[in-house]
Amino acid sequence: MNVLRYEDAPDPKLGPKDVLVRVRASGTNYNDVWARRGLAGVKFDLPHISGSDVSGQVVEVGSAVTMANVGDAVVSHPSLSCRVCEACTSGREYFCRQFKIWGFQTGPYDGGYAELARLPEANVLPKPANLSWEEAASMPLVLLTAWHMLDTRAQLKPGEDVLLWGASSGIGVIGIQVAKLFGARVLAVAGTDEKLRRAKALGADETINYNTQDVVQEVRRLTNKKGVEVVFEHTGAGTWERSLASMAWGGRLVICGNTTGYEAKTDLRFLFNKQLSLLGSHQGSKAELVRGMREVAAGRIKPVVDSVLPLRDAKKAQEKIEAGDHFGKIVLVP
Ligand SMILES: [Zn+2]
Numbered sequence: 186m187n188v189l190r191y192e193d194a195p196d197p198k199l200g201p202k203d204v205l206v207r208v209r210a211s212g213t214n215y216n217d218v219w220a221r222r223g224l225a226g227v228k229f230d231l232p233h234i235s236g237s238d239v240s241g242q243v244v245e246v247g248s249a250v251t252m253a254n255v256g257d258a259v260v261s262h263p264s265l266s267c268r269v270c271e272a273c274t275s276g277r278e279y280f281c282r283q284f285k286i287w288g289f290q291t292g293p294y295d296g297g298y299a300e301l302a303r304l305p306e307a308n309v310l311p312k313p314a315n316l317s318w319e320e321a322a323s324m325p326l327v328l329l330t331a332w333h334m335l336d337t338r339a340q341l342k343p344g345e346d347v348l349l350w351g352a353s354s355g356i357g358v359i360g361i362q363v364a365k366l367f368g369a370r371v372l373a374v375a376g377t378d379e380k381l382r383r384a385k386a387l388g389a390d391e392t393i394n395y396n397t398q399d400v401v402q403e404v405r406r407l408t409n410k411k412g413v414e415v416v417f418e419h420t421g422a423g424t425w426e427r428s429l430a431s432m433a434w435g436g437r438l439v440i441c442g443n444t445t446g447y448e449a450k451t452d453l454r455f456l457f458n459k460q461l462s463l464l465g466s467h468q469g470s471k472a473e474l475v476r477g478m479r480e481v482a483a484g485r486i487k488p489v490v491d492s493v494l495p496l497r498d499a500k501k502a503q504e505k506i507e508a509g510d511h512f513g514k515i516v517l518v519p
């Protein structure tokens, strides 16, 4: 934690296709914690400015910028890529050889824990007018991730059952709402009854307290022994075996992270016999974020801001994330 410093940095210099955003609010993510701790196999340029989500106003545009204008209210799209290769032009920018998550594997583009942020023009989109700056900054990364997981990867259908771990986390609170939007039935899992009460208020149909209930037994009971068609995973080793045991025959598990560890046991007999699909998911495309934001603008997906802290308290925000002592997103204001 002591590697985090709050200090003055030079103003970013704009390239021809860049925009400069006066940051009004900056969302925090578990990724910020990973970048601080370091992650095997991921290269980080250090020192850097963390933060993958901002809302703010465009205050300057580069000479080759064509769409963004000074004064625009925008949010960030956190996937940096070349925008010209085969992957990028087929709408799969997450497979670009130059792909980076802005504010995570950041550099040369520093992230959003700042007063000013430089982004390629392609990495901003309009801020929904019905959201405050703080609410808007809480959305992009988790919305993009949840949308890609449930729509593009799991291809969630109306009427399907979804087991959703970490219902109180930043991604959980959006995952519940995206799953409901697609017409699924959500079985939300969290560690306290208070968190589960709030998950229900967001639309979860059923709730399971992993501290007081047997998750697999509850899934069997709630689905009349069928199991769930889709598991929404982002915790990893600590929940993996229970996730697999909760799946219906032919079910899909989609995973975007592993906050409890990355080495997990898979009983291959269940994998082939029940014809399960295990799906990895990582970020998403700008088009997916635009579609998700349309639902936010229409009020069908709502931001969930746990707390707003001054930027200088970024350490406190990361402590809260690590402790799991929050419901929804923690937002910083410079
Ligand atoms: Zn590319």
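Its first residue numbered 186, the sequence shown is counted upward by one per residue in our numbering.
Just so it is clear, CB atoms sit at the ideal spot from N, CA and C, and this is done for glycine as well.
These numbers were taken from a predicted model, which means no experiment stands behind them.
Three-state class that DSSP yields for residue i in the structure shown
i           : result
residue 277 : coil
residue 238 : strand
residue 394 : strand
residue 355 : helix
residue 195 : coil
residue 477 : helix
residue 305 : strand
residue 325 : helix
residue 434 : strand
residue 470 : coil
residue 360 : helix
residue 341 : coil
residue 417 : strand
residue 514 : strand
residue 258 : strand
residue 312 : coil
residue 494 : strand
Short Cβ contact (8 Å threshold) for residue i with residue j
i           : j           : result
residue 475 : residue 439 : no
residue 308 : residue 482 : no
residue 506 : residue 213 : yes
residue 341 : residue 206 : no
residue 512 : residue 489 : yes
residue 286 : residue 263 : yes
residue 238 : residue 293 : no
residue 509 : residue 329 : no
residue 211 : residue 298 : yes
residue 259 : residue 244 : no
residue 373 : residue 381 : yes
residue 235 : residue 288 : yes
residue 522 : residue 355 : This structure cannot speak to residue 522, because the chain is shown only from 186 to 519.
residue 279 : residue 497 : no
residue 422 : residue 396 : no
residue 413 : residue 347 : yes
Beta-carbon separation (whole angstroms), residue i vs residue j, contact threshold 8 Å
i           : j           : result
residue 332 : residue 419 : The Cβ separation is near 14 Å, so there is no contact.
residue 386 : residue 371 : Incorrect: roughly 12 Å between the Cβ atoms, too far for contact.
Inset, instruction - Give every residue whose Cβ lies closer than 5 Å to any heavy atom of ligand 1, listed in chain order. - result: Qualifying residues, in the order they occur: 266, 267, 270, 273, 281.
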